[in-house]
Amino acid sequence: MELLLNIVIYLPLFGALLLLFIRRDEWVRWTSLLVTTATFLLSLPLLFQFDISITGTAQYMTVGEPFLGDWDVKYMMGLDGLSMLLFMLTTFMAPIVVLSSWSSVTKHVAGFFSMLLILQTGSLGVFAALDLLMFYVFFELTQIPMFFLIGIWGGEDRIYATVKFFIYTLVGWLLMLVALIYVGYAAGNMVNEGVFTTDWRLITSPEFQLGLVEQTWLFLAFGFAFCIKIPIFPFHSWLPLAHTEAPTAGSVVLAAIALKMGTYAVLRYLIPLFPNAAIAFAPMFAVLGVIGIIYGALVAMVQKDVKKLVAYSSISHLGFVVLGMFAFNTIAAQGAIIQMVNHGLSTGALFIIVGMLYERRHSRLISDFGGVAKMMPVLTVMFMIATLASIGLPGLNGFVGEFLILVGSFNSSVLGSYWYAVLAAVGVILAAGYMLWMFQRVMFGSVTHEENKKLTDINAREIALLVPIMILIVWIGIRPTDFTRFSEAQVTWMLEDTQNRADAIAQQAASDKLPSWAEKLYDLTPHLASESDKLAAGSDKNQEAINQTIKTEH
């Protein structure tokens, strides 16, 4: 299985190299579809053989020898409960993205699909890397194809969008690189006999304990980079422009996969590496998450371009993910992980549908549509399902993630207030407003433009690429435990381990002399109860019902 994991990661890269020798555009498309479909099929045994009870370590691990001289930097790949669903989402969406670009891309076809395949390898590497420096390398690998996808195949303002995307990302991740090097040397001195190391097993071990002052500055450096990537308000301004100017495939990959790298990195590295700082800054991140939820919804409501509306809805939905991650309990964290998957499915479907409308109408302005349902009934059904999933209708996937996040944050002992959940719930109401209003204006009403009467419904290829997404949207909504069970044990272990390490560091720091700002920022008493204590803090009856919704089927 270790070999299979590496084959899945690098098969798309091999396919990209193969495309360089294929001259006919039609063969390029079919080769890309074959490679991405094979990658998905080969990834299924990794899912089926995954042991959901294993915690604290990864499965299917490949551990190489150090390759940077005296530094302990290894090629280390594996999957655990935090990464499995996102890894599978990446392989699942790849053939769908290829099909969505089948007829819309007509220039530099081999280059376009090569970029998509390289981007897939980079994304899979991000979710499987268990060495911090390898994670960084794979992340940077994803930036190159995305840069070209927007810059070459994007819209009229593609150059401006590309430069803005590149600058935002570069600044954040260069700052993180500096912090990463500091962590490597500090970990080497503490747990690796003085040898620089970025081994995930060592830098998240109980023996690696950074001081509170160090944690603060390193947390801010890593957090700044991840805030840009997610993105969190107020570091979001690059996203709507990148979404709007990117081709359909670029928007889908950006929404479904690329943005999840930031949220995944928070759970994988930011919280475990800097437990005390993560707890201390949790209310701040929760506030930014709630602001993003409401701000994204309000701005989306006034958009005239349907693609830009969906882009701002992403900011709102990812605000829920941020709130769930920093609530520091299993329910909310489980909600955050499944919401990452949900957002990738529903928002990815919305961008695909907007692309289908644009191919036929050559416009994304809401005012240029109206009455489209009469000419496109099949697309209308697909559009309706994706829209209802996006607003969190019970029975569809969006409801599951938002419900768990709201319940978890409502009972969070770290956040210490139910107002985060109450205000976040306002975002659900606003989402129903702007999404249903947009859907009504685009699909229903009278046909006021002669061009709309000539629109044709989606064809068999377009139906084939949307149906799998619709199936998962309904499946997750009806049976969420089929998916949450993959991450529950690992999430619970991670939170307990984070709590234990934070308490140990706080106990040690209690005897140290700290700057006055650090004494005010950190509570040096054991500040996180056990998971069972937290769950018992609320109504026992209500908590028992909530636990049943995410209980693993052993």
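Numbering (this note's numbering), first residue to last: 16 to 569. Heads up, the beta-carbon is just placed ideally off N, CA and C, and yes, glycines get one too.
Using a threshold of 8 Å, state whether the C-beta atoms of residue 161 and residue 265 are closer than that. Within the sequence shown, the letter at position 146 stands for residue 161. Within the sequence shown, the letter at position 250 stands for residue 265. Going by C-beta atoms, residue 161 is nearer than 8 Å to residue 265.
Just to confirm, are residue 390 and residue 472 a CB contact at a threshold of 8 Å? The sequence position of residue 390 within the sequence shown is 375, counting from 1. The sequence position of residue 472 within the sequence shown is 457, counting from 1. A contact, by the Cβ cut-off of 8 Å.
Tell me the rounded alpha-carbon separation between residue 126 and residue 34. For the purposes of this step, residue 126 is taken as residue 111 along the sequence shown, with counting starting at 1. For the purposes of this step, residue 34 is taken as residue 19 along the sequence shown, with counting starting at 1. Taking the straight line joining both Cα atoms gives about 8 Å.
Answer yes or no: do residue 384 and residue 325 have a C-beta to C-beta separation smaller than 8 Å? On the sequence shown, position 369 is the one that residue 384 refers to. On the sequence shown, position 310 is the one that residue 325 refers to. Cβ distance not < 8 Å, so residue 384 and residue 325 don't count as in contact.
When DSSP labels each residue in this structure, what does residue 93 get in the three-state scheme? Position 78 of the sequence shown, counting from 1, holds the residue named residue 93. Three-state result, residue 93: strand.
Residues of its chain near residue 501, where Cβ-Cβ distance is below 7 Å and the 5 sequence neighbours each way are ignored: Locating residue 501 in the sequence shown gives position 486, where the first residue counts as 1. These residues qualify, in order along the chain: 65, 67, 96, 99 and 100.
Would you mind sorting residue 249 into buried or exposed? The rule is 16 or more other CB atoms within 10 Å of its CB. For this step, residue 249 is matched to residue 234 along the sequence shown. The residue in question, residue 249, is exposed, as its Cβ has fewer than 16 Cβ neighbours within 10 Å.
Compute the Euclidean distance between the alpha carbons of residue 494 and residue 357, then round it to the nearest angstrom. In the sequence shown, the residue the question calls residue 494 occupies position 479. In the sequence shown, the residue the question calls residue 357 occupies position 342. Approximately 13 Å, taken between the alpha carbons.
Own chain partners of residue 322 with C-beta closer than 6 Å, once the 5 adjacent residues on each side are dropped: For the purposes of this step, residue 322 is identified with residue 307 of the sequence shown, where counting begins at 1. For residue 322, where only same-chain residues beyond five positions count, the Cβ hits under 6 Å are 259, 369 and 379.
Buried or exposed for residue 480, going by 16 or more other Cβ atoms inside 10 Å? Working through the sequence shown from its first residue, we reach residue 480 at position 465. By the 10 Å Cβ count, residue 480 comes out buried.
With DSSP run on the structure shown, which of helix, strand or coil describes residue 117? What you label residue 117 is simply residue 102 of the sequence shown in a count that begins at 1. Residue 117: coil per DSSP, three-state reduction.
Give me, in chain order, the residues of the same chain whose beta-carbon lies closer than 8 Å to that of residue 279; leave out the 5 immediate sequence neighbours on both sides. As a working mapping, residue 279 is identified with position 264 in the sequence shown. For residue 279, where only same-chain residues beyond five positions count, the Cβ hits under 8 Å are 97, 98, 101, 141, 142 and 355.
Quick check on this structure: which residue in 18, 233 and 222 has the alpha carbon closest to the alpha carbon of residue 187? Taking the sequence shown and counting its residues from 1, one reaches residue 187 at position 172. Here the closest residue by C-alpha is 233.
With three or more C-beta pairs closer than 8 Å as the rule, is the stretch 178-195 touching the stretch 214-221? no
Rounded to a whole number of angstroms, what is the C-alpha to C-alpha distance between residue 515 and residue 343? Locating residue 515 in the sequence shown gives position 500, where the first residue counts as 1. Locating residue 343 in the sequence shown gives position 328, where the first residue counts as 1. If you take the alpha carbons of residue 515 and residue 343, they lie about 13 Å apart.
Distance, residue 91 Cα to residue 170 Cα: Counting from one through the sequence shown, the residue named residue 170 turns up at place 155. Counting from one through the sequence shown, the residue named residue 91 turns up at place 76. Roughly 39 Å separates the two Cα atoms.
To which residues of the same chain is residue 79 closer than 8 Å at the C-beta, ignoring the five residues directly before and after it? If you number the sequence shown from 1, residue 79 lands on position 64. So the qualifying residues of the chain are 89, 90 and 91.
Run of the beta strand (DSSP E) containing residue 8, from where it starts to where it stops: Given that the chain is displayed from residue 16 to residue 569, the structure contains no residue 8 and the question cannot be resolved.
Measure the C-alpha to C-alpha separation of residue 137 and residue 153 and round it to an integer number of angstroms. As a position in the sequence shown, residue 137 is number 122, starting the count at 1. As a position in the sequence shown, residue 153 is number 138, starting the count at 1. Looking at the two C-alpha atoms, the distance is approximately 5 Å.
Look up residue 30 in the DSSP assignment and say whether it is helix, strand or coil. Reading the sequence shown from its first residue, position 15 is the one you call residue 30. The answer is helix: DSSP assigns residue 30 an H, G or I state.
When you compare each of 83, 334 and 305 to residue 210 by their alpha carbons, which one comes out closest? The residue labelled residue 210 in the question sits at position 195 within the sequence shown. Ranking 83, 334 and 305 by Cα distance to residue 210 puts 83 first.
Leaving out the 5 sequence neighbours to the left and right, which residues in its chain are closer than 7 Å to residue 360 when beta-carbon positions are compared? As a position in the sequence shown, residue 360 is number 345, starting the count at 1. Excluding sequence neighbours, residue 360 sits near 412, 484, 487 and 488.
Could you have a look at residue 19 and say whether DSSP puts it in helix, strand or coil? Position 4 of the sequence shown, counted from the start, is the residue given in the question as residue 19. Helix, per DSSP.
Does DSSP classify residue 378 as helix, strand or coil? Indexing the sequence shown from 1 puts residue 378 at position 363. Of the three classes helix, strand and coil, the one that applies to residue 378 here is coil, per DSSP.
Inspect the CB distances between the stretch 304-316 and the stretch 442-455 and report whether three or more fall short of 8 Å. yes
Would a C-beta distance cut-off of 8 Å place residue 338 and residue 439 closer than the cut-off? On the sequence shown, position 323 is the one that residue 338 refers to. On the sequence shown, position 424 is the one that residue 439 refers to. Yes. Within cutoff.
Tell me whether the beta-carbon of residue 405 lies closer than 8 Å to the beta-carbon of residue 362. In the sequence shown, residue 405 corresponds to position 390, counting from 1. In the sequence shown, residue 362 corresponds to position 347, counting from 1. Yes. Within cutoff.
Under 8 Å between the Cβ atoms of residue 4 and residue 132? Outside the modelled stretch of the chain, which goes from 16 to 569, sits residue 4, for which no answer is possible.
Got a sec? Which residues, its chain only, sit under 7 Å from residue 110 by beta carbon, not counting five neighbours each side? As a working mapping, residue 110 is identified with position 95 in the sequence shown. Closer than 7 Å at Cβ, skipping near neighbours: 48, 51, 52 and 55.
Compare the Cα-Cα distances from residue 117 to each of 283, 374 and 520 and report the closest residue. As a working mapping, residue 117 is identified with position 102 in the sequence shown. If we check each option's Cα against that of residue 117, 374 comes out closest.
Residue 134 and residue 268: beta carbons closer than 8 Å? For this step, residue 134 is matched to residue 119 along the sequence shown. For this step, residue 268 is matched to residue 253 along the sequence shown. Yes, the pair counts as a contact, with Cβ atoms nearer than the cut-off.
Assuming residue 396 and residue 492 are in contact, meaning their beta carbons sit under 8 Å apart, how far apart are those beta carbons, in whole angstroms? Here residue 396 refers to the residue found at position 381 of the sequence shown. Here residue 492 refers to the residue found at position 477 of the sequence shown. About 16 Å; that fails the 8 Å criterion.
Out of 533, 247, 58 and 198, point me to the one whose CA is closest to residue 307's CA. Counting from one through the sequence shown, the residue named residue 307 turns up at place 292. Cα-wise, what sits closest to residue 307 is 247.
Just confirm the distance between the C-beta atoms of residue 381 and residue 468, as a whole number of angstroms; I'd bet it's less than 8 Å. Along the sequence shown, one-based indexing puts residue 381 at 366. Along the sequence shown, one-based indexing puts residue 468 at 453. With a Cβ gap of about 18 Å, residue 381 and residue 468 do not count as contacting.
Residue 432 lies in the alpha helix (DSSP H); which residues open and close that run? Mapped onto the sequence shown, residue 432 falls at position 417. No alpha helix (DSSP H) holds residue 432; DSSP gives it neither H nor E.
Measure the beta-carbon distance from residue 228 to residue 529 and round it to whole angstroms, keeping in mind my assumption that it falls under 8 Å. Counted from its first residue, the sequence shown places residue 228 at position 213. Counted from its first residue, the sequence shown places residue 529 at position 514. Contact flag correct, Cβ pair sits at about 7 Å.
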